[in-house]
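S.K.:
There are 2 protein chains.
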Amino acid sequence: MEKVLNPDKSTWETLLKRPTQTVADIEKIVNEIFSEVKTKGDSAVLKYTQLFDGITPDTILVSGEEINQAVKSVSSELKEAIDLAKANITTFHAAQKTEQVSVETTNGVTCWQEKRPIQKVGLYIPGGSAPLFSTILMLAVPATIAGCKEIMLCTPPDKNGEINPAILYTAKLCGIAKIYKIGGIQAIAAMTFGTETVPSVYKIFGPGNQYVTVAKQLATKYNVAIDMPAGPSELLVYADDTANPAFVASDLLSQAEHGPDSQVILVSTSEKMIAETEKEVVKQLEQLPRKEIATQAIENSKLILINSEKEALEMINEYAPEHFIVISENEDYFVTNIQNAGSVFIGNYTPESAGDYASGTNHTLPTNGYAKQYSGVNLDSFLRSMTFQKITETGIKNIGSAIEIMAEAEGLQAHKNAVSLRLKSLK
Amino acid sequence: MEKVLNPDKSTWETLLKRPTQTVADIEKIVNEIFSEVKTKGDSAVLKYTQLFDGITPDTILVSGEEINQAVKSVSSELKEAIDLAKANITTFHAAQKTEQVSVETTNGVTCWQEKRPIQKVGLYIPGGSAPLFSTILMLAVPATIAGCKEIMLCTPPDKNGEINPAILYTAKLCGIAKIYKIGGIQAIAAMTFGTETVPSVYKIFGPGNQYVTVAKQLATKYNVAIDMPAGPSELLVYADDTANPAFVASDLLSQAEHGPDSQVILVSTSEKMIAETEKEVVKQLEQLPRKEIATQAIENSKLILINSEKEALEMINEYAPEHFIVISENEDYFVTNIQNAGSVFIGNYTPESAGDYASGTNHTLPTNGYAKQYSGVNLDSFLRSMTFQKITETGIKNIGSAIEIMAEAEGLQAHKNAVSLRLKSLK
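Protein chains in written order, with full-length UniProt numbering: chain A, 1 to 427; chain B, 1 to 427.
1) Does the beta-carbon of Glu322(B) have 16 or more other beta-carbons within 10 angstroms, so that it is buried, or is it exposed?
2) Could you tell me the boundaries of the alpha helix (DSSP H) in which His415(B) lies?
3) Please list the segments of the alpha helix (DSSP H) lying wholly inside the stretch 219–270 of chain A, counting only runs of 4 or more residues, in order along the chain.
4) Less than 6 Å between C-beta atoms, sequence neighbours within five positions excluded: which residues of the same chain meet that for Cys111(A)?
5) Give a yes or no on whether the minimum CB-CB distance between Gly347(A) and chain B is below 9 Å.
6) Can you confirm whether Gln389(B), when its beta carbon is compared against all beta carbons of chain A, has any partner nearer than 9 Å?
7) Are any of the Cβ atoms in chain A nearer than 9 Å to that of Glu80(B)?
8) Along the stretch 27–42 of chain A, what residues have a CB closer than 7 Å to any CB found in chain B?
9) Report back the beta-carbon spacing between Lys291(B) and Gln119(A) to the nearest angstrom; my notes put them in contact at under 8 Å.
10) Go through its chain and collect everything with a Cβ distance to Glu352(B)'s Cβ below 7 Å, but skip five positions before and after it.
11) With distance defined between alpha-carbon atoms, name the residue in Asn88(A), Val101(A), Ile89(A), Ala94(A) nearest to Ala94(B).
12) To the nearest angstrom, how far is the alpha carbon of Ile391(B) from that of Gly347(A)?
13) So, does the CB of Phe193(A) fall closer than 9 Å to a CB anywhere in chain B?
14) Within 8 Å, do at least three Cβ pairs link the stretch 69–77 of chain B to the stretch 310–318 of chain A?
15) Just checking, does the stretch 325–334 of chain A make contact with the stretch 375–382 of chain A on the three C-beta pairs under 8 Å criterion?
16) Interface residues of chain B around Pro131(A) at Cβ under 9 Å?
17) Below 7 Å CB to CB, which residues in the same chain sit around Glu404(B) once its five sequence neighbours on both sides are set aside?
18) Given that a residue counts as buried once 16 or more other Cβ atoms are within 10 Å of its Cβ, and exposed if not, what is Gly400(B)?
19) Can you list, in chain order, the residues of its chain whose CB lies under 6 Å from that of Pro19(B), leaving out five sequence neighbours each side?
20) Note down, in chain order, each residue of its chain lying with its Cβ closer than 7 Å to the Cβ of Lys216(B), except the 5 sequence neighbours on either side.
21) Specify whether the stretch 171–188 of chain A and the stretch 146–153 of chain A touch according to this definition: at least 3 beta carbon pairs, one from each stretch, less than 8 Å apart.
22) By the DSSP assignment, the beta strand (DSSP E) with Ser385(A) in it spans what residues?
23) Determine the extent of the alpha helix (DSSP H) in which Asn50(A) is found, giving its start and end residues.
24) Once DSSP output is grouped into helix, strand and coil, what is the label at Glu196(B)?
25) For Pro117(A), name the three-state secondary structure that DSSP assigns.
26) If the cut-off is 9 Å on Cβ atoms, which residues from the stretch 349–369 of chain A count as contacting chain B, listed in chain order?
27) Nearest to Glu2(A) by CA position, among Asn362(A), Leu305(A), Ala407(A), Asn337(A), is which residue?
28) Count the other C-beta atoms from every protein chain shown that fall within 10 angstroms of the C-beta of Asn107(B), then say buried if there are 16 or more, exposed otherwise.
29) For chain B, check one thing: does any of its Cβ atoms lie closer than 9 Å to the Cβ of Thr49(A)?
30) Taking contact to mean 3 or more Cβ pairs, one atom from each stretch, closer than 8 Å, check whether the stretch 79–98 of chain B and the stretch 357–370 of chain B are in contact.
31) Any idea which residues DSSP pairs Thr295(A) with across the strands?
32) From Gly376(A) to Gln113(B), what does the alpha carbon distance come to, in whole angstroms?
33) To which residues of the same chain is Tyr333(A) closer than 8 Å at the C-beta, ignoring the five residues directly before and after it?
34) Beta carbons nearer than 7 Å to chain A: which residues of the stretch 110–130 of chain B have them?
35) Roughly how far, in whole angstroms, is the beta-carbon of Tyr48(A) from the beta-carbon of Ile33(A), given that I think they are within contact range, below 8 Å?
36) CA-CA distance, Pro156(A) and Ile89(A)?
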């Protein structure tokens with residue numbers, strides 16, 4: 001890890017730069033696959049499944065039989081763990097429900113705001129080395145609480161045409177009726193346009209590699225919304241001498257193992273903490289099965305000694321980390337004043353992996369500095385705010401003249417006329 | 001207007017198609033201007049202001065003197081109208097504030113969700129034929145209630161290098177300190193990258209022509225968020241025989257005057273209502289100053305006779321109008337069951353223009369079918385939900401084992417390790 005001591009503010013921008021990605025050459029292939037899936041439907045989906053996943057599954061839709069088999073093969077220990085996580089995630093997301101907001105803004109003018117569920121949502125769960133069944137909980141639980149009518153899931157088949165049993169078990173547990181064996185760009189394209197088998201959706205959620213990320217961006221050009229733009233995972237820890245360096249090192253490594261492009265940063269006012277954490281990182285890294293990946297990520301990562309808590313806070317807000325752990329005597333200062341972070345973890349016994357799995361918060365969070373303008377996935381991600389208004393005869397008399405004057409001043413005579421006609425009828 | 005009688009469901013998709021736009025050739029010029037503003041800053045902004053607006057203003061930043069002059073020149077009648085509108089918009093958006101959501105999901109595991117303002121926002125207000133000062137209210141009022149720290153505004157200068165006084169008055173009234181004389185693509189680029197004069201922002205709001213729309217889309221590639229993808233304005237009215245056909249016609253025309261690509265639709269189960277509304281449209285159209293624009297929009301528009309209220313509702317949900325007016329004996333049926341609409345206007349005395357100006361609801365709404373997945377602008381558009389968690393020693397003992405089992409099953413050993421170390425320390 002690169003060690004940086006009391007960096008001057010003028011160097012922060014360069015210092016806090018994320019490892020860059022280039023997407024230009026990916027865009028071409030994504031465009032090609034989109035246009036083929038749009039015109040050829042299932043047959044294009046099957047073609048690219050064969051090409052990228054090396055298999056042509058018998059059916060795209062996972063059968064009830066496959067799901068039942070999977071349910072049997074998951075250990076009861078894992079089932080119990082998933083159940084506990086699901087209960088906590090349900091509790092936290094159900095608490096996010098809001099009531100109708102209704103106001104009579106002027107006598108006779110009643111306005112209200114109500115949230116209604118997005119009718120059709122698609123969840124994408126990557127395959128590959130880590131079967132992310134936990135992400136199904138993070139997406140399907142709030143979608144269900146929100147009341148989304150159609151919830152479907154795409155995930156790539158393995159070389160044998162199968163889906164990891166833990167994924168099928170969790171999907172069934174969450175009540176997802178339709179699971180499709182499709183991965184990557186072709187999955188995003190199928191959910192965007194629909195095919196003979198796969199229905200199109202209004203919003204697509206879920207993580208993925210850079211192909212999936214670019215595909216989701218492209219989907220937004222075709223009247224589909226996405227949860228958020230995604231990038232590699234990242235963690236920033238602020239730790240003073242009250243922190244346990246072994247714990248801090250374990251947290252840094254837990255993000256570093258995600259991928260070689262993950263980034264972890266330790267910011268501290270304590271030289272001692274930095275030195276001890278660095279020692280612990282080296283020690284713990286040796287024992288990790290994903291050591292190779294984590295080592296590459298650690299090379300991108302930084303230990304930053306900083307002059308004051310105030311300056312630390314400023315730097316953290318500038319970086320806008322996806323995950324922010326604060327272990328400090330003055331944790332309240334950071335909790336109160338942090339403006340830009342996806343999710344905040346407080347104290348020695350709050351590892352980031354708690355939020356990844358089982359505490360109840362959502363783990364789908366803004367990366368790449370997007371915490372400055374995006375929320376992580378939450379109940380509202382599956383709802384839309386709609387407004388309603390009802391104006392009585394008295395109401396239009398009260399605000400009609402203001403509308404006429406403003407419409408006239410904007411040069412919109414027909415807007416004025418809609419009010420004038422009504423006012424005239426009441427004379 | 002095209003009249004369509006009891007259309008078969010198989011024809012709906014074609015029937016409800018919006019007038020298409022092609023953006024491919026716009027993208028090239030937008031890309032060029034973005035890369036020039038990014039590298040050359042103010043000088044590129046000035047170059048394109050000269051090119052598109054035909055003027056090189058003395059300063060990009062509007063001076064206090066200009067604002068004071070404008071304040072003097074706006075009539076007190078218009079000032080009072082704007083004040084009334086601002087009061088109602090403030091009341092409705094302030095009511096949308098939410099409290100912190102805090103839950104102890106498991107003994108010792110406390111999770112909470114809090115909303116914090118987006119620190120830097122940019123508002124874009126188009127120039128051209130209609131000076132949309134009302135849109136400033138719709139954006140600056142909720143931004144201020146949310147607590148956004150920096151709120152700036154870009155709007156194009158006229159041929160004399162000036163800004164419409166009503167725009168300057170409203171911006172000052174809303175407390176916007178920085179107003180820049182920049183329009184179009186170069187304004188969006190300046191807010192995206194920042195220049196010597198113009199600061200960059202985290203999120204851009206506001207309407208615009210198709211150049212601005214494409215520029216906003218491009219901005220999202222550079223870590224900037226936007227309010228929503230925009231398209232031409234649209235209105236769908238459902239009216240039964242309890243509606244006043246003159247009112248309905250005036251509402252249809254108020255949207256039609258926005259632009260030749262606007263779309264208005266009347267759906268009704270009553271042949272009589274359709275016939276009478278059509279007559280009124282022809283009659284009222286004659287008297288409009290923007291008759292030429294409205295006539296073109298009316299040509300895109302449809303009068304649809306439908307068999308039943310149930311089928312009407314289904315069609316409306318499929319179309320997902322930006323504005324939905326319902327005037328019906330059974331208004332409750334529609335209000336309860338409408339799923340996809342930006343904003344809903346109920347009854348004979350609730351013209352759409354009330355929501356455009358003064359009732360209190362926001363007029364920045366999803367067009368082009370995006371009401372299926374996007375909310376209109378509301379208080380939350382200027383906030384982000386952040387989550388926090390604090391776990392005690394008891395808490396990690398309660399959920400630690402579930403995290404270990406799930407992390408192991410996902411093949412993420414370092415995630416497990418972060419918990420195991422902590423559990424071990426507590427033995």
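The C-beta atom is built at its ideal place from N, Cα and C for all residues, glycine as well.
M.R.: Put simply:
1) When all chains shown are included, Glu322(B) counts as buried.
2) From DSSP, the alpha helix (DSSP H) with His415(B) extends over 413–425.
3) Qualifying alpha helix (DSSP H) stretches, in chain order: 245–256.
4) Cβ neighbours of Cys111(A) beyond the five flanking positions: Val103, Thr105, Gln389.
5) Chain B contact via Cβ: present.
6) Yes, because at least one Cβ of chain A sits closer than 9 Å to the Cβ of Gln389(B).
7) Taking 9 Å as the CB threshold, Glu80(B) lines the interface with chain A.
8) For the stretch 27–42 of chain A, the beta-carbon criterion of a distance under 7 Å to any beta-carbon of chain B is satisfied by none of its residues.
9) A Cβ-Cβ distance of about 39 Å is found for the pair Lys291(B) and Gln119(A), leaving them out of contact under the 8 Å criterion.
10) The residues are Leu235, Asp251, Ser254, Gln255, His323, Ile325, Phe345.
11) Considering only alpha carbons, the answer is Val101(A).
12) Approximately 7 Å between the Cα atoms of the pair.
13) Interface annotation, Phe193(A): not in contact with chain B, CB-CB separation never under 9 Å.
14) Touching, no.
15) By the C-beta criterion, the stretch 325–334 of chain A is judged not to be in contact with the stretch 375–382 of chain A, since fewer than 3 inter-stretch pairs fall below 8 Å.
16) Close to Pro131(A), with beta-carbon spacing below 9 Å, are these residues of chain B in chain order: Ala409, Glu410, Gly411.
17) If we look at Glu404(B) and ignore the five residues flanking it on each side, its Cβ neighbours are Lys416, Val419, Ser420.
18) By the neighbour-count definition (other C-beta atoms within 10 Å, threshold 16), Gly400(B) is a buried residue.
19) Sequence-distant Cβ neighbours of Pro19(B) in its own chain, meaning closer than 6 Å and more than five residues away, are Asp261, Asn300.
20) Non-local C-beta neighbours of Lys216(B) in its own chain, meaning closer than 7 Å and more than five positions away in sequence, comprise Ile188, Ile204, Ile226, ordered along the chain.
21) They touch, by the three-pair rule.
22) Residues 383–391.
23) Before going further, note that residue 50(A) is Gln rather than Asn in the sequence given. From DSSP, the alpha helix (DSSP H) with Gln50(A) extends over 42–53.
24) Glu196(B): coil per DSSP, three-state reduction.
25) In the structure shown, Pro117(A) sits in a strand (DSSP, three-state: E or B).
26) Against chain B - using a Cβ distance shorter than 9 Å - the residues of the stretch 349–369 of chain A are Tyr349, Thr350, Pro351, Glu352, Ser353, Ala354, Gly355, Asp356, Tyr357, Ala358, Ser359, Gly360, Thr361, Asn362, Leu365, Pro366, Asn368, Gly369.
27) Taking only the C-alpha atoms, the option nearest Glu2(A) is Leu305(A).
28) Burial call: exposed.
29) No - not a single Cβ of chain B is within 9 Å of the one on Thr49(A).
30) Taking 8 Å as the limit for Cβ pairs, the verdict is that the stretch 357–370 of chain B does touch the stretch 79–98 of chain B.
31) Its beta-bridge partners do not exist; DSSP assigns none.
32) Rounded to the nearest angstrom, the two C-alpha atoms are 10 Å apart.
33) Residues of the same chain with a CB within less than 8 Å of the CB of Tyr333(A), apart from the 5 flanking positions on each side, are Glu309, Leu313 in chain order.
34) For chain A, the residues of the stretch 110–130 of chain B that bring a beta carbon within less than 7 Å of one of its beta carbons are Cys111, Gln113, Arg116, Ile118, Gln119, Ser129, Ala130, in chain order.
35) About 6 Å separates the two Cβ atoms, so the contact holds.
36) It is roughly 25 Å from the alpha-carbon of Pro156(A) to the alpha-carbon of Ile89(A).
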